[in-house]
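K.L.:
I am attaching a structure below and will ask some questions about it afterwards.
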Amino acid sequence: MTASIRTESLTKQFGNGVTALRDVSITIAPGEFVALIGRSGSGKSTLMNILGGLDSPSGGSVYFDDAKVDYMDRKRLIHLRRTEVGFVFQQFNLIPTITAIENVAYPLLFNYTPWEEREQQALRLLTLVGLADRADHLPHELSGGEQQRVAIARALVGDPHIVLADEPTGNLDSKNSAEIYRLMRTINQEQQVTFLVVTHERELASYCDRTIELRDGTVVA
Amino acid sequence: MIGREVEFLRLSARQLRSKRLRVVLTVIGIAIGVAAIIGVVALGEGIRYQAIETVKTQSDLTLIEVYPQTDREVTQLITQARVDQLRSLPHVTAAAPVFSDSYATKKQTFLQVLAVRADEIDEVLRLKYTSGGVFSPGANEVVVGADLGTMLQRNEGIRMGDPFIAMVREYDEQGMPSDKEVPLVIVGTLGGRDDKFDRMMLIDMESAAAIRGSEQGYDTVFVRVDDPDQVFSVVDRITSRGLEATGAFEQIRAVNQFMDAVMIVFMIFAVFALVVGGMMITTTMTTSVYERTREIGITMAIGASGNDVIRLVLYECLLIGVVGGVLGDIFGVLFTSVMNAVGRPFIIARLGPEFSSIFGSEIARLSPGLLLAGLGIAVVFSLVAGIYPARKATRMNPVEAIRGFA
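See below:
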């Protein structure tokens, strides 16, 4: 299940007067694998946070399949985060006290999904990222690359339209980084999941269908 | 639904396990507060119980004295119909009307006289005689209380079976007093009762009326109740009929009022202990929320609502409260056992062996209700203590929470 995602004249101004986004209009088609590049401070993370419903824009609109997202509606945003987007962070950000499979199953807990079903889904996704044998390990027992694979599995568990990955390989060495990109690309192609990946490494952007570049809050390419 | 809550609980339990020392200290803090409350209440209830038992065994609890209400404009007379009404109340076995009078001996010993019907006296008053027995109707025979008996014997040489002259004061139409001499004979002496009967003289009502030369109205009715536990319900029925009641039951009432006051003061101190425990929970959980700022941000990013986050935090508090409450109950049970094992010999040694009977077998009394209340209080305190950190957690901006520690 994928949808097209579109922004229209998106702006974001912070309380301290900093303008992070200026008139950003982009469209991401279903099943695309898009790299979002730009220097730090160019507004990449802000755009990701707005698309993921973690932050709200100061102006402009976001459409998921032509349905406008109402950023004033808390329930709508929770629903957005639960079922329409999946997040992958630079720091992996797994819950340290629970095992890999429980981390993957964790988002579905808030959906009232029974444990058996969640466990089944989580195991399927761990298998997809090649970590089925590590299911019962705690995050600190896994390597960085393994932790990020668990995080990708977690991002996929809600069956989202799009996975938003904010510098997913920023904390990994080049070998692991390439593996993570290959994995995301495979998932993108086999599962038809849209990816928007923030990176500042241009060679990793070569794994992507196309590139959107932000400079000082404006789309330049 | 239930499965989900169980899983929230399991997640919370694991969070707590990851910061073991802090949680253990907090749990002990709550446990001490709960144990303090349980100890204080158990001790207070023990003392209350012993005091009431003492009243029950040492005084004539089931005897109630009924008289007309005095603070009303219209005093209700005690008629035979009223006496019959009292007699027919549930749990009342007997009711005897009496009237009071006062005579004096020739040497001016005051005689407080209670006129009772000879056939009702034993059934209601259940008197115990050290010598002699009840009087016969119309024979000018009297029964004296223990103290009065001793006094008459010592001061005036009047003994059991001795006839003596009582002076009965009368007033003529001009209001001039004159004393009438009435011959009486003591036919019985009562055992000591530690109440007003010790100083009284009981006389047959027929004789007493004849001495005064006219029919006398009743001023009091003595009522006997079959069961000590029903005394208060009978008293309530009597007072609801516009009469007043007095008797040994008032001592129990006084004990209860006194102990209630003492307990409130005790409880204030015990609650302080618990409040400190509650503050520890607030501190522990607030620290924990700050330490987990990022984790909570992630949780919200992957779909948790504010209520989910509140639930996660409150479940941790709930667990601390339940474990603290159970531990507090255990401490409380240990504390009261020590009190009963060590405290009793100590009290007997300090106050002398006669107190060993007063402080029967237990000086601190536990009840399942008290233990349950201890647990309940711990849980409520914990949840209240968790409100602040829980709200703090939901107010976090997930973006800043995630980025803040990156």
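For the protein sequence lines, the chains are A and B, in the order given.
Going by my numbering, the first sequence opens with residue 1, and the numbers climb by one from there.
Going by my numbering, the second sequence opens with residue 1001, and the numbers climb by one from there.
Using N, Cα and C, we set each Cβ at its ideal position, and we do this for glycine too.
1) For chain B, find out if any of its Cβ atoms is closer than 8 Å to the Cβ of D136(A); answer yes or no.
2) Does any residue of chain B bring its CB to less than 8 Å from the CB of P114(A)?
3) Exposed or buried, what is L1334(B) when buried is set at 16 or more other beta-carbons lying within 10 Å of its beta-carbon?
4) Per DSSP, P1068(B) is paired with what?
5) Who are the Cβ neighbours of G1192(B) in its own chain at under 7 Å, not counting the five residues just before and after it?
6) Using the Cα positions of G53(A) and I1298(B), report the straight-line distance between them to the nearest angstrom.
7) For K12(A), which residues in the same chain have their Cβ closer than 6 Å to its Cβ, ignoring the five residues on either side in sequence?
8) Tell me where the beta strand (DSSP E) around E1170(B) begins and ends.
9) Determine the chain A residues that contact L1011(B) at a beta-carbon separation under 7 Å, and present them in chain order.
10) Just verifying my parser: in three-state terms, what is the DSSP assignment at S177(A)?
11) Let me confirm a value: L1127(B) is counted as buried when at least 16 other C-beta atoms fall within 10 Å, else exposed. Which label applies?
12) Just mark R1159(B) as buried or exposed, buried being the case when its beta carbon has 16 or more other beta carbons within 10 Å.
13) Tell me the start and end of each unbroken alpha helix (DSSP H) in the segment 138-187 of chain A that is at least 4 residues and wholly inside, in chain order.
14) Per DSSP, what kind of secondary structure is F1405(B) in: helix, strand or coil?
15) On the three-state DSSP scale, how would you describe A1270(B)?
16) V1399(B) touches chain A at which residues, Cβ-Cβ below 7 Å?
17) Check whether the Cβ atoms of V197(A) and A35(A) sit closer than 8 Å, and answer yes or no.
18) Using 8 Å as the Cβ pair cut-off and three pairs as the minimum, do the segment 1226-1237 of chain B and the segment 1255-1264 of chain B touch?
19) Can you pull the chain B residues whose beta carbon is under 9 Å from the beta carbon of F275(A), in chain order?
20) Starting from the C-beta of G1324(B), find all residues in its chain whose C-beta is less than 6 Å away, skip the five residues before and the five after it, and write them out in chain order.
21) What do you reckon, is the C-beta of G1213(B) under 7 Å from a heavy atom of the ligand MG?
22) Given a cut-off of 8 Å, decide if R1224(B) and T1079(B) are closer than it, judged by their beta-carbon atoms.
23) Whose C-alpha, out of A221(A), M184(A), E201(A) and D216(A), is nearest the C-alpha of F33(A)?
24) Can you pull the chain B residues whose beta carbon is under 9 Å from the beta carbon of R154(A), in chain order?
25) Name the two residues that bound the continuous beta strand (DSSP E) containing V1221(B).
26) Helix, strand or coil for Y112(A), going by three-state DSSP, please let me know.
27) For F33(A), decide whether its Cβ has a neighbour in chain B, counting only Cβ atoms nearer than 8 Å.
28) For V1262(B), which residues of its own chain have a beta-carbon under 7 Å away from its beta-carbon, when the five flanking residues on both sides are left out?
29) What whole-angstrom Cβ distance do V163(A) and V88(A) have, given they're in contact under 8 Å?
30) Does the CB of P107(A) have a neighbour CB from chain B at under 8 Å?
31) Going by the DSSP bridge assignment, what does I28(A) pair with across the sheet?
32) Kindly say whether E1007(B), judged by its beta-carbon, lies nearer than 8 Å to any beta-carbon of chain A.
33) What are the complete beta strand (DSSP E) segments, minimum 3 residues, inside the segment 1177-1206 of chain B?
34) Hey, how far is the Cα of R1365(B) from the Cα of V1040(B)?
35) Sorted by chain position, which residues of the same chain lie with C-beta nearer than 8 Å to G31(A)'s C-beta, five sequence neighbours on each side aside?
36) Using the C-alpha atoms, what's the distance from I1238(B) back to F1110(B)?
P.N.:
Walking through what the data contain:
1) As a first step, residue 136(A) must be located in the first sequence, where it is residue number 136. Using beta-carbon distances, D136(A) does not count as an interface residue toward chain B, since no partner is under 8 Å.
2) Numbered from its first residue, the first sequence carries residue 114(A) at position 114. With respect to chain B, the C-beta atom of P114(A) has a partner C-beta closer than 8 Å.
3) Translated into positions along the second sequence, residue 1334(B) becomes position 334. Exposed.
4) Locating residue 1068(B) in the second sequence gives position 68, where the first residue counts as 1. Bridge partners of P1068(B): L1243(B).
5) Residue mapping note: residue 1192(B) aligns to position 192 of the second sequence, counting from 1. Taken in chain order, the residues that qualify are A1146 and D1198.
6) In the first sequence, counting from the first residue as 1, residue 53(A) sits at position 53. In the second sequence, counting from the first residue as 1, residue 1298(B) sits at position 298. If you take the alpha carbons of G53(A) and I1298(B), they lie about 13 Å apart.
7) What you label residue 12(A) is simply residue 12 of the first sequence in a count that begins at 1. Excluding residues within five positions, the ones whose Cβ falls inside 6 Å are A20, L21, T46, P57 and S58.
8) Position 170 of the second sequence, counted from the start, is the residue given in the question as residue 1170(B). P1163 to Y1171 is the span of the beta strand (DSSP E), which, as asked, contains E1170(B).
9) If you number the second sequence from 1, residue 1011(B) lands on position 11. Under the 7 Å cutoff, chain A gives I98.
10) In the first sequence, residue 177(A) corresponds to position 177, counting from 1. S177(A): helix per DSSP, three-state reduction.
11) What you label residue 1127(B) is simply residue 127 of the second sequence in a count that begins at 1. Looking at its Cβ environment, which holds 16 or more other Cβ atoms inside 10 Å, L1127(B) is buried.
12) Along the second sequence, read from residue 1 onward, the residue named residue 1159(B) stands at position 159. Classification for R1159(B): exposed.
13) 144-156
14) Within the second sequence, numbered from 1, the residue matching residue 1405(B) stands at position 405. A caution first: F1405(B) carries a pLDDT of 46, below 50, which makes its placement in the model unreliable, though a value can still be read off. Here F1405(B) sits in coil by DSSP.
15) Against the second sequence, residue 1270(B) aligns to sequence position 270. Helix at A1270(B).
16) Translated into positions along the second sequence, residue 1399(B) becomes position 399. Within 7 Å Cβ-Cβ: N49, L54 and D55.
17) Numbered from 1 along the first sequence, position 197 holds the residue referred to as residue 197(A). Numbered from 1 along the first sequence, position 35 holds the residue referred to as residue 35(A). Yes; because the gap between Cβ atoms is below 8 Å, this pair is in contact.
18) no
19) Nothing about residue 275(A) can be reported from this structure: the residues present for chain A run from 1 to 221 only.
20) For the purposes of this step, residue 1324(B) is taken as the residue at position 324 of the second sequence. Excluding positions up to five away in sequence, the list reads V1027, I1030, A1031 and A1378.
21) Because no ligand of any kind appears in the structure shown, any question about the ligand MG cannot be addressed here.
22) Here the question's residue 1079(B) lines up with position 79 in the second sequence. Here the question's residue 1224(B) lines up with position 224 in the second sequence. No.
23) Along the first sequence, read from residue 1 onward, the residue named residue 33(A) stands at position 33. Nearest option by C-alpha distance: M184(A).
24) To locate residue 154(A), count along the first sequence from 1; it is residue 154. In chain order: I1302.
25) Residue numbering aside, residue 1221(B) sits at position 221 when the second sequence is read from its first letter. Its beta strand (DSSP E) spans residues T1220 to V1225.
26) Sequence index remark: in the first sequence, residue 112(A) carries index 112 (1-based). The answer is coil: DSSP assigns Y112(A) none of H, G, I, E or B.
27) Taking the first sequence and counting its residues from 1, the one referred to as residue 33(A) is at position 33. Chain B places no beta carbon closer than 8 Å to that of F33(A), leaving this residue out of the contacts.
28) One-based indexing of the second sequence puts residue 1262(B) at position 262. These residues qualify, in order along the chain: G1044.
29) Within the first sequence, residue 163(A) is the residue found at index 163, counting from 1. Within the first sequence, residue 88(A) is the residue found at index 88, counting from 1. Between the beta-carbon of V163(A) and that of V88(A) there is about 6 Å, and that keeps the pair under the 8 Å contact cut.
30) On the first sequence, position 107 is the one that residue 107(A) refers to. It does; some Cβ of chain B falls within 8 Å.
31) Within the first sequence, numbered from 1, the residue matching residue 28(A) stands at position 28. Answer by DSSP bridge pairing, in chain order: I5(A).
32) Here residue 1007(B) corresponds to residue number 7 of the second sequence, with the count starting at 1. Yes, its Cβ sits closer than 8 Å to a Cβ of chain A.
33) 1177-1190 and 1200-1204
34) Position 365 of the second sequence holds residue 1365(B). Position 40 of the second sequence holds residue 1040(B). Each residue's alpha carbon lies about 10 Å from the other.
35) What you label residue 31(A) is simply residue 31 of the first sequence in a count that begins at 1. Answer for G31(A): T2, N188, Q192, V193 and T194, listed in chain order.
36) By 1-based counting over the second sequence, the position of residue 1110(B) is 110. By 1-based counting over the second sequence, the position of residue 1238(B) is 238. Answer to the nearest angstrom: the Cα atoms are 32 Å apart.
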